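Just so we're aligned: the sequence shown equals residues 12 to 367 in full-length UniProt numbering.
Every residue, glycine too, gets a C-beta built ideally from N, C-alpha and C.
These numbers come from a predicted model, not from an experiment.
Reading through the structure tokens given below for one structure.
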Amino acid sequence: KTITVGLIPGDGIGKEVIPAGVSVLNHVTKLPQFSDIKFNYIPLEAGWEAFTKYGEALPDSTVKSLQEDCDCALFGAVQSPTTKVEGYSSPIVKLRKEMGLYANIRPVKEVVPNGKFGKVDMCIVRENTEDLYIKKETTYTDSNGKKVADAIKRISETASENIMKIAVEIAAQKATLTGEKQKLTVVHKSNVLSQSDGLFRETCASVYKASPKEQQDKVIYNEQIVDSMVYKMIRDPSEFDFVVAPNLYGDILSDGAAALVGSLGLVPSCNVGKSIFIGEPCHGSAPDIAGQGIANPIATIRSTALMLEFMGYSEMAKVIDDAVDANIVEGAIKTPDLGGKNTLEDVLQDILKRIN
Ligand code: NAI
Ligand code: MG
12 KTITVGLIPG DGIGKEVIPA GVSVLNHVTK LPQFSDIKFN YIPLEAGWEA FTKYGEALPD
72 STVKSLQEDC DCALFGAVQS PTTKVEGYSS PIVKLRKEMG LYANIRPVKE VVPNGKFGKV
132 DMCIVRENTE DLYIKKETTY TDSNGKKVAD AIKRISETAS ENIMKIAVEI AAQKATLTGE
192 KQKLTVVHKS NVLSQSDGLF RETCASVYKA SPKEQQDKVI YNEQIVDSMV YKMIRDPSEF
252 DFVVAPNLYG DILSDGAAAL VGSLGLVPSC NVGKSIFIGE PCHGSAPDIA GQGIANPIAT
312 IRSTALMLEF MGYSEMAKVI DDAVDANIVE GAIKTPDLGG KNTLEDVLQD ILKRIN
């Protein structure tokens with residue numbers, strides 16, 4: 012069987028880490044048990060560099076190819092300017108929307124026994140299509156001639172239902188797999204935003220109540236206001252299994268959770284929804300280390316495994332994850348973000364050696 016993978020490296024370290032994901036895919040098919048599978052790649056463009064070349068951060072040809080030619084994809088990272096640039100709009104936000112990828116699943120796991128923050132094994136399920144990321148902003152002047160900027164936060168029943176359904180489903184799956192009930196925490200700020208976050212919270216609660224009994228038996232419903240969520244997550248991350256959140260809180264919480272396991276360079280994600288699965292490291296283009304060959308490839312390698320898992324190739328995913336875990340637990344070969352002196356290539360080679 013041939014699986015066609017769209018490759019969107021993007022900018023900065025995206026260009027360095029995506030080839031590492033490809034090396035892992037090519038390597039894994041050399042194992043006898045997976046020799047009937049072949050990966051075929053289509054290079055695709057998106058990001059700041061694409062914008063400077065074509066005047067578009069997400070060329071139509073990229074979306075078309077993802078829709079028509081690809082079974083799945085790997086997305087690196089794109090660099091977005093912090094000030095407004097006419098015509099530029101973050102391609103990943105647009106891509107998630109156009110492809111109906113309504114969920115971004117971000118597992119964060121400490122694999123070293125007795126890690127600095129104890130047991131961290133949680134999965135952040137981030138809503139991917141709305142909230143403040145609809146980017147409806149306006150700027151005007153007040154009566155004193157001072158500027159004011161408004162941004163619209165959108166929460167819909169449909170998107171909230173979609174995200175909670177998938178959160179309950181994967182939490183129940185994990186419970187089945189591990190034999191342990193999973194706690195699912197709904198994050199919100201409905202004490203202040205009673206209508207928008209209120210709708211999110213209420214919808215999540217209804218979806219849970221309406222889910223099949225066998226799922227409810229495996230998943231414990233919990234709610235947490237976002238600020239105290241941050242506090243609790245840092246104090247005792249072992250309290251959390253699955254966390255479901257609107258787009259912005261989910262974005263922020265997952266970078267925070269990454270710090271608990273040592274580096275953003277370790278945390279993978281998979282965009283999931285109505286079309287294909289797109290694996291994507293949680294980090295950005297990291298301009299501070301780009302071009303030096305020292306970016307940690309693990310977030311991308313794990314994203315590759317996560318993508319395979321969602322596609323139903325769990326055994327292949329496990330072989331890759333086990334190799335990554337072994338590299339981290341041994342701790343001998345690591346990039347500078349983890350306090351090591353090795354390069355991306357050293358880490359990649361060490362992981363490839365362990366895939367068997
Ligand atoms: P960032 O995630 O790129 O970097 C934050 C810090 O983590 C930096 O010190 C960086 O060196 C480090 N880091 C990140 N990934 C690493 C890796 N694999 N190995 C080692 N260290 C790593 O976030 P930042 O600096 O705020 O944003 C940089 C650019 O990335 C911006 O233009 C931003 O818009 C973009 N960005 C893109 C995302 C995406 O494409 N999905 C997500 C987040 C940011
Ligand atoms: Mg982020």
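For His38, there is no enclosing beta strand (DSSP E); the enclosing alpha helix (DSSP H) has its first and last residue at 25 to 39. In this structure the region 53 to 72 touches the region 15 to 29; the number of beta carbon pairs closer than 8 Å is three or more.
Secondary structure of Thr187 (DSSP, three-state): helix.
Annotated as distal: Lys194 and Lys229, with beta-carbon spacing of 8 Å or more. Per DSSP, Glu56 lies in no beta strand (DSSP E) segment and is marked neither H nor E. Annotation for Ala268: Arg117, Val119, Val131, Met133, Ile135, Met244, Pro248, Val278 place their beta carbon closer than 8 Å to its own, counting only its chain and skipping 5 residues before and after. Pro118: not part of any alpha helix (DSSP H); member of the beta strand (DSSP E) spanning 114 to 120, first to last residue.
Under the three-state reduction of DSSP, Ile366 is assigned to coil, being neither helix nor strand. Between Ile312 and Gly129, the C-beta spacing is not below 8 Å.
Distances from the CB of Cys281 to the heavy atoms of ligand 2 are all 7 Å or more.
Near ligand 1, meaning a Cβ closer than 5 Å to any of its heavy atoms, lie the following residues in chain order: Ala88, Val89, Gln90, Ser91, Ile103, Leu275, Gly276, His294, Gly295, Ser296, Ala297, Asp299, Ile300, Ala306, Asn307, Asp348. Within 10 angstroms of the beta-carbon of Gln235 lie 16 or more other beta-carbons, which makes it buried.
Between Val96 and the set Asn115, Val122, Glu67, Asp82, the nearest pair of CA atoms involves Glu67. Going by DSSP, Gly87 is part of the beta strand (DSSP E) stretching over 83 to 88.
Remark: the C-beta of Asp262 is in contact range of ligand 2, defined as less than 7 Å to any heavy atom.
For Gly276, no beta strand (DSSP E) encloses it, and the DSSP letter there is neither H nor E. For Asp266, the CB falls within less than 7 Å of some heavy atom of ligand 2. Rounded to the nearest whole angstrom, the C-alpha separation of Thr94 and Ile163 is 18 Å. Bounds of the alpha helix (DSSP H) holding Thr315 are 309 to 321. Residues of the same chain with a CB within less than 6 Å of the CB of Lys147, apart from the 5 flanking positions on each side, are Ile163 in chain order. The C-beta of Lys176 has 16 or more other C-beta atoms within 10 Å across all chains shown, which makes the residue buried. Between Gly98 and Ile29, the C-beta spacing is not below 8 Å. Separation of Ile305 and Glu27 (C-alpha to C-alpha, rounded to the nearest whole angstrom) is 9 Å. With a cutoff of 8 Å on beta-carbon distance, Ile362 and Val335 are scored as near each other.
Taking the C-beta atoms as reference points, Leu349 is found no nearer than 8 Å to Gly302. Between Ile339 and Val39, the C-beta gap is not smaller than 8 Å, which leaves the two residues out of contact. Inside the region 197 to 235, DSSP marks whole alpha helix (DSSP H) runs of 4 or more residues at positions 207 to 221, 224 to 227, from first to last along the chain. Asp132: member of the beta strand (DSSP E) spanning 132 to 138, first to last residue. Contact between Val179 and Tyr219 holds, with the beta-carbon distance rounding to 6 Å and staying under 8 Å. In this structure, the straight-line span from the alpha carbon of Gly284 to that of Leu210 is close to 21 Å. A residue is called buried when at least 16 other Cβ atoms come within 10 angstroms of its Cβ; Tyr242 does not meet this threshold and is exposed. Inter-residue distance for Phe50 and Met318 is about 13 Å (C-alpha atoms, whole angstroms). Annotated as proximal: Ile344 and Asp357, with beta-carbon spacing under 8 Å.
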